[in-house]
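Contents: one structure, followed by commentary.
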Amino acid sequence: MGETKGTARRIKITNTMLAVLVVLACIILITAGFIVPRFGKTFAAYRTARAEYKAAEKEYTAAERTNAALAQKVKEMKQMKSESDKLQKKVFSLAAKTEKDIQDGKSNKKICYITIDDGPYNRGKKFLELFRQYDVKATFFLTTANGDKLPDQADLSAKSMYPEYLKYGHTIGNHTYSHDYRSVYSGSKAFMKAVEKQEKFTEEASGGYKAQIVRFPGGTGMAGSRLGAIQESLRKEGYGWVDWTVDSGDSWGNDKVNASLVKSNVLAASKKQNIMVVLFHEWSQTTVDALPEIIDSLRSSGYIFLPLFYDSVMVEK
Ligand SMILES: [Zn+2]
């Protein structure tokens with residue numbers, strides 16, 4: 677009886693246990709079948725998200741650091757700009773005084789304003805290096821006739837050259853955006869449009885530099901009957917303009933031009949002028965070759981080499 681009772685109870689317990697086991701098995705199966713993969717998925721997603729967050733956090737920190745470095749750089753550049761503006765003002769007022777002393781016969785110094793037209797060219801770097809070596813300041817009359825491309829190296833941006841000229845203390849002048857005779861000399865409005873477009877390009881490329889001096893493409897002689905109206909418009913907008921007193925001859929055609937001709941053109945003219953503005957071109961390798969001897973020779977006869985400035989006696993306004 678006891679045994680039967682015991683057996684019955686064992687069976688009863690076993691049934692209950694079985695039921696429990698079945699339920700447990702179901703739970704395990706459900707867990708294994710659904711929850712675990714889901715959790716796994718969730719966990720994997722969590723891990724991905726966490727990695728992404730970490731990467732983003734890293735990027736953010738780096739960006740924050742870059743921003744701080746940029747802010748510092750901007751601050752330093754502003755400081756440098758104000759210092760160089762002050763220095764430039766000093767150079768220009770000294771130059772104005774020297775011009776006046778020369779004209780009044782109080783100084784036996786002579787001034788040579790080297791002007792280089794039609795840039796930026798990649799060759800401009802050769803001029804800059806040469807001027808750095810010879811401690812010479814010059815004036816670059818720039819155009820954007822080729823868009824934002826260097827004509828002698830089309831994969832380089834013209835814009836990138838602008839800060840280079842300024843970095844070495846040269847003057848940037850405005851040679852009109854298109855340099856296209858037919859369009860710029862069709863009227864004073866067209867001329868001013870080409871000047872203002874170039875002005876905008878210069879400002880953008882140089883971080884706000886204002887080129888105040890214009891050189892007419894081909895010189896004022898090319899403007900013909902429109903000259904008066906163009907000059908009036910330039911004056912009204914606060915621009916000065918300058919031709920040249922010496923043509924180096926570097927644009928006279930490849931068959932005629934060589935370094936010794938360019939040199940003799942400049943040196944011959946220098947014998948009659950105490951303040952001269954010499955025309956060169958940034959595309960001319962002949963000029964790059966001729967300049968060292970020209971500079972040496974002019975310097976030994978008392979010339980100093982200055983960048984043009986708005987108040988110079990050589991700048992019409
Ligand atoms: Zn030109």
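The opening position of the sequence shown corresponds to residue 677 in the numbering used here, with each subsequent residue numbered one higher.
No residue lacks a Cβ here, since even glycine has one placed at the ideal position from N, Cα and C.
Counting along the chain, M952 sits inside the beta strand (DSSP E) bounded by residues I951 to H957. Residue pairing by DSSP puts T815 in a beta bridge opposite T791 and T847. Ranked by Cα distance from S946, the options V698, F981 and G845 are led by F981.
In this structure, Y797 lies near P827, with their beta-carbon atoms less than 8 Å apart. Proximity to ligand 1 was defined by a C-beta distance below 6 Å to any of its heavy atoms, and the residues meeting it, in sequence along the chain, are D793, D794, H851, H855 and P893.
In this structure, the beta-carbon distance from W959 to R799 falls below 8 Å.
With respect to the 8 Å criterion, F817 and R891 are classified as neighbours on the basis of their beta carbons. One Cα belongs to L967, the other to Y789, and the distance between them is close to 13 Å. Of the other Cβ atoms in all chains shown, fewer than 16 fall within 10 Å of the Cβ of Y736; this residue is therefore exposed. Distance check between V954 and each of E840, E969, V938 and Q961 places V938 closest, using alpha-carbon atoms only. Assigned with DSSP and collapsed to three states, L826 falls in strand. In this structure, T819 is the residue among R911, P983, K765 and T819 with its C-alpha nearest to the C-alpha of H855.
Cβ-Cβ distances below 6 Å link Y979 to K786 and C788 in the same chain, with the five nearest sequence neighbours on each side left out; the list follows chain order. Residue nearest to Y986 within the set L806, I889 and G781 is I889 (criterion: CA-CA distance). Around the beta carbon of D761, fewer than 16 other beta carbons lie within 10 angstroms, which makes this residue exposed. With 16 or more other CB atoms across the displayed protein chains lying within 10 angstroms of its CB, I951 is buried. In this structure, the CA atom of A695 is about 15 Å from the CA atom of L705.
Sequence-distant partners of L943 (beyond 5 residues in either direction) whose C-beta falls short of 8 Å from its own C-beta, in its chain, are I970, S973 and L974. The continuous beta strand (DSSP E) containing Y979 extends over residues Y979 to F981. The beta carbons of G916 and E992 sit closer together than 8 Å. Residue burial is scored here from C-beta neighbours: D926 has at least 16 other C-beta atoms within 10 angstroms and is therefore classed as buried.
The bridge partners DSSP lists for D923 are L955. Within the DSSP secondary-structure output, I889 pairs in a beta bridge with G916. With fewer than 16 other beta carbons inside 10 angstroms of its own, Q829 counts as exposed.
Shown here for D965: same chain residues with a beta carbon closer than 7 Å to its own, the five before and five after excluded, namely A935 in chain order. Cβ neighbours of G900 within its own chain (closer than 7 Å, five residues either side excluded): Y861.
For a cut-off of 8 Å, the C-beta gap from M898 to Y838 is around 25 Å, too long to register as a contact. For K786, the secondary structure class from DSSP, reduced to helix, strand or coil, is strand. For the pair M753 and A866, the Cα-to-Cα distance works out to about 36 Å. Beta-carbon to beta-carbon, K813 and G845 are separated by about 5 Å, close enough to satisfy the 8 Å threshold.
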